[in-house]
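> Let me begin by handing over the structure; questions about it come next.
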Amino acid sequence: MTAVRTQVRGDLLSCYTAAVAVLMETRGLSHRAVLGGQLFLAVRREGTRCEVVHQHTPLTGDGDTFALPLVRRGAADAEEAGRAVAAAARRDGAVIVTGCAGRLPWLAGAAPAPHWFAVTCRAGELEIDDVFTWSDDQGDFGPYRAPVRARDLGPFAACPLPPEPAHRARERLALGSGDAGPAHRLDLPYQWLEPAPAAGPGAGSGAGVLSRMLGTTAAAPSLPRPGWLTGGAATAALADLLEEAGRTPEVLAVQSDLWVAARGRALFREVLRDEATALLGPAAAGLGDWLEEQVLPRWTGVVRAVRYNALRVRRGHPPQRGMARELRRLGALEDELPERLRNVLAPAAPDRGHPTSGR
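Taking my numbering, the leading residue of the sequence shown gets 17, the next gets one more, and so forth.
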């Protein structure tokens with residue numbers, strides 16, 4: 017299977033979406049249209065943590081805008097898993113291995129956590145294509161691309177149940193509200209995701225997919241389920257959680273969800289300046305400028321503050337105040353962004369008081 021592929025920037029994605037993006041490109045579906053064309057944040061409070069969804073349209077597709085049906089497969093032993101993953105990659109061009117960072121040699125030193133990566137097949141040769149990059153107090157990681165033999169793939173697909181509820185929730189919600197099947201089965205400890213049988217090309221033109229994704233972002237997307245909050249209400253719920261960091265430091269585990277949100281807005285900015293500008297004209301670039309000037313610095317500041325305070329707590333110091341305040345300030349901008357996008361998509365509509373350039 018061959019397709020024109022756009023480079024996947026792992027510094028603008030999570031490990032989950034980076035692996036899905038590689039699979040999308042292999043199947044001729046623009047990951048920048050799907051992932052970069054939707055901006056969303058839905059939150060549901062669960063005690064001392066929040067569950068977070070970053071996509072208004074599941075990454076498995078909605079059956080109309082695009083389709084990427086995925087099924088979770090498993091094997092009882094590493095040898096069987098290696099053979100099956102290799103066969104799926106050769107058949108479909110790519111497969112997503114749902115492994116664990118603590119068991120992958122190219123991530124030596126990383127803390128144990130679920131980690132997805134793609135295995136691709138080009139010209140008959142298998143390759144690990146792990147484009148995700150990140151830095152934490154354990155070091156700098158990724159990207160990693162290297163040839164791999166089928167017999168060496170199996171152990172990388174081991175996916176033990178993570179003990180932290182936050183890790184389990186993130187992996188469960190990684191595809192949005194799409195469900196590829198239960199993870200971490202004891203009888204099938206080696207697992208991966210592959211396209212469903214007879215799954216065809218992901219979609220039509222990238223411009224058509226991007227136009228629909230932007231339209232849904234500008235509208236009021238439906239909530240994943242009752243009890244979820246979006247926009248400014250979602251950031252307010254996250255701020256409420258952070259205000260409890262002095263009493264319950266475990267709430268700072270939300271830092272991973274915050275930097276995924278920040279990365280998503282950076283990718284959205286890139287797509288506005290490139291593909292959306294070609295599609296909609298300079299007003300899209302103006303919205304990208306507003307994002308860069310007003311929104312991205314605040315998200316970056318929140319992520320840095322939460323990461324710093326998480327380190328303080330691990331070293332026995334109380335967290336500093338201010339994290340929640342900055343996140344609440346972001347709420348108004350999160351609510352303003354869809355309105356500005358509506359002006360870009362429908363420039364002839366009556367102005368609602370916000371210039372599309374953001375200046």
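Glycine included, each C-beta is placed from N, C-alpha and C at the ideal position.
Please work out which residues of its chain come closer than 7 Å, Cβ to Cβ, to D12, disregarding the five sequence neighbours upstream and downstream, and give them in chain order.
The first residue shown for the chain is 17 and the last is 375, placing residue 12 beyond what the model contains.
> Our contact map puts E67 next to A185 with C-beta atoms below 8 Å; I'd like the distance itself, whole angstroms only.
Within the sequence shown, residue 67 is the residue found at index 51, counting from 1. Within the sequence shown, residue 185 is the residue found at index 169, counting from 1. The pair is a contact, with the Cβ atoms about 5 Å apart (cut-off 8 Å).
> In this structure, does DSSP put G374 in helix, strand or coil?
Here residue 374 refers to the residue found at position 358 of the sequence shown. Confidence at G374 is low in this model, with a pLDDT of 38, below 50, so its placement is unreliable and the value that follows should be read with caution. Coil, per DSSP.
> Just mark L28 as buried or exposed, buried being the case when its beta carbon has 16 or more other beta carbons within 10 Å.
Along the sequence shown, one-based indexing puts residue 28 at 12. The residue in question, L28, is buried, as its Cβ has 16 or more Cβ neighbours within 10 Å.
> Considering only residues of the stretch 82-110, which uninterrupted beta strand (DSSP E) runs meet the minimum length of 3 residues and lie entirely inside it, listed in chain order?
For the stretch 82-110, whole beta strand (DSSP E) runs of length 3 or above, ordered along the chain, are 86-91.
> Could you name the residues of the same chain whose beta carbon sits closer than 8 Å to that of L361, not counting the 5 residues immediately before and after it, in chain order?
Here residue 361 refers to the residue found at position 345 when the sequence shown is read from its first residue. Once the five neighbours on either side are set aside, the close Cβ partners of L361 are L230, G231, A234 and L296.
> Leaving out five residues before and five after R228 in sequence, what residues of the same chain have Cβ atoms less than 6 Å from its Cβ?
In the sequence shown, residue 228 corresponds to position 212, counting from 1. T81, listed in sequence order.
> Among R281, V270, E187 and A261, which one has its Cα closest to the Cα of P335?
Numbered from its first residue, the sequence shown carries residue 335 at position 319. The shortest Cα separation from P335 among R281, V270, E187 and A261 belongs to A261.
> By how many angstroms is the C-alpha of C116 removed from the C-alpha of L357?
For the purposes of this step, residue 357 is taken as the residue at position 341 of the sequence shown. For the purposes of this step, residue 116 is taken as the residue at position 100 of the sequence shown. Whole-angstrom Cα-Cα distance: 38 Å.
> E355 by DSSP, collapsed to three states: which one?
Locating residue 355 in the sequence shown gives position 339, where the first residue counts as 1. Helix.
> Where are the alpha helix (DSSP H) runs, 4 residues long or more, that stay fully inside the stretch 240-294, in chain order?
247-258 and 271-287, all fully within the stretch 240-294.
> Would you call H70 buried or exposed, if buried means 16 or more other Cβ atoms sit within 10 Å of its Cβ?
Taking the sequence shown and counting its residues from 1, one reaches residue 70 at position 54. Buried, because 16 or more other Cβ atoms sit within 10 Å of the Cβ of H70.
> Counting C-beta neighbours from all protein chains within 10 Å, is the total for Q207 16 or more, i.e. buried, or is it exposed?
Taking the sequence shown and counting its residues from 1, one reaches residue 207 at position 191. With 16 or more other Cβ atoms within 10 Å, it is buried.
> Applying the 10 Å Cβ sphere with the 16-neighbour rule, what's the burial state of S238?
Walking along the sequence shown from the start, residue 238 turns up at place 222. That one is exposed.
> Identify every residue that forms a DSSP beta bridge with A58.
Here residue 58 refers to the residue found at position 42 of the sequence shown. In the DSSP output, where bridge partners are listed per residue, A58 has V69 and T246.
> By the DSSP assignment, the alpha helix (DSSP H) with S46 in it spans what residues?
Along the sequence shown, read from residue 1 onward, the residue named residue 46 stands at position 30. Unbroken run through S46: none, as it is neither H nor E.
> Contact defined as beta carbons within less than 8 Å: I believe L268 pairs with V329. What is the distance between those atoms, to the nearest angstrom?
Within the sequence shown, residue 268 is the residue found at index 252, counting from 1. Within the sequence shown, residue 329 is the residue found at index 313, counting from 1. Yes, they are in contact, since the Cβ atoms of L268 and V329 sit about 6 Å apart, within 8 Å.
> Determine the direct distance from the alpha carbon of W306 to that of V135, and round the result to whole angstroms.
Taking the sequence shown and counting its residues from 1, the one referred to as residue 135 is at position 119. Taking the sequence shown and counting its residues from 1, the one referred to as residue 306 is at position 290. Their backbone Cα atoms lie some 37 Å apart in a straight line.
> Please state the DSSP three-state secondary structure of C137.
Taking the first residue of the sequence shown as 1, we reach residue 137 at position 121. Of the three classes helix, strand and coil, the one that applies to C137 here is strand, per DSSP.
> Using 8 Å as the cut-off, can you tell me whether the stretch 268-278 makes contact with the stretch 287-301, which would need three or more C-beta pairs spanning the two stretches below that distance?
No, the stretch 268-278 is not in contact with the stretch 287-301.
> Once you ignore the five residues that flank P74 on each side, which residues in its own chain have a CB closer than 8 Å to its CB?
In the sequence shown, the residue the question calls residue 74 occupies position 58. Cβ within range, chain order: L191, G192, S193 and G194.
> If distances are taken between C-alpha atoms only, which option among R89, T246 and A35 comes closest to P159?
Numbered from 1 along the sequence shown, position 143 holds the residue referred to as residue 159. Measuring from the Cα of P159, the nearest candidate turns out to be A35.
> Exposed or buried, what is T264 when buried is set at 16 or more other beta-carbons lying within 10 Å of its beta-carbon?
Within the sequence shown, the letter at position 248 stands for residue 264. So T264 counts as exposed.
> Out of E210, A212, P178 and G98, which has the shortest C-alpha to C-alpha gap to L202?
Translated into the one-based positions of the sequence shown, residue 202 becomes position 186. Minimum Cα distance to L202 is reached at P178.
> If you follow the alpha helix (DSSP H) that L327 is part of, which residue opens it and which one closes it?
As a working note, residue 327 is residue 311 in the sequence shown. Where L327 is concerned, the enclosing alpha helix (DSSP H) stretches over L312 to R330.
> How would you call R337, buried or exposed, if buried means at least 16 neighbouring beta carbons within 10 angstroms?
Position 321 of the sequence shown, counting from 1, holds the residue named residue 337. Exposed, because fewer than 16 other Cβ atoms sit within 10 Å of the Cβ of R337.
> Less than 8 Å between the CB atoms is what I'm expecting for R89 and C137, so what's the real figure, rounded?
The count along the sequence shown starts at 1 and reaches residue 89 at position 73. The count along the sequence shown starts at 1 and reaches residue 137 at position 121. About 16 Å separates the two Cβ atoms, so there is no contact after all.
> Considering just the uninterrupted stretch of the alpha helix (DSSP H) at D168, what are its terminal residues?
Walking along the sequence shown from the start, residue 168 turns up at place 152. Residues A166 to L169.
> Please state whether DSSP places P213 in a helix, a strand or coil.
Here residue 213 refers to the residue found at position 197 of the sequence shown. Coil.
> Could you tell me the boundaries of the beta strand (DSSP E) in which A162 lies?
By one-based count along the sequence shown, residue 162 stands at place 146. First-last of the beta strand (DSSP E) with A162: Y160 to P163.
> Which whole-angstrom value describes the C-beta separation of A166 and G98, a residue pair presumed to lie in contact below a C-beta threshold of 8 Å?
The residue labelled residue 166 in the question sits at position 150 within the sequence shown. The residue labelled residue 98 in the question sits at position 82 within the sequence shown. Correct: roughly 5 Å between the Cβ atoms.
> Is DSSP giving C175 helix, strand or coil here?
Here residue 175 refers to the residue found at position 159 when the sequence shown is read from its first residue. Coil.
> Report the rounded CA-to-CA distance for D108 versus A299, giving the unit in angstroms.
Taking the sequence shown and counting its residues from 1, the one referred to as residue 108 is at position 92. Taking the sequence shown and counting its residues from 1, the one referred to as residue 299 is at position 283. Roughly 39 Å separates the two Cα atoms.
> Give me the Cα-Cα distance between W132 and V111, rounded to the nearest whole angstrom.
If you number the sequence shown from 1, residue 132 lands on position 116. If you number the sequence shown from 1, residue 111 lands on position 95. The alpha-carbon atoms of W132 and V111 are separated by roughly 10 Å.
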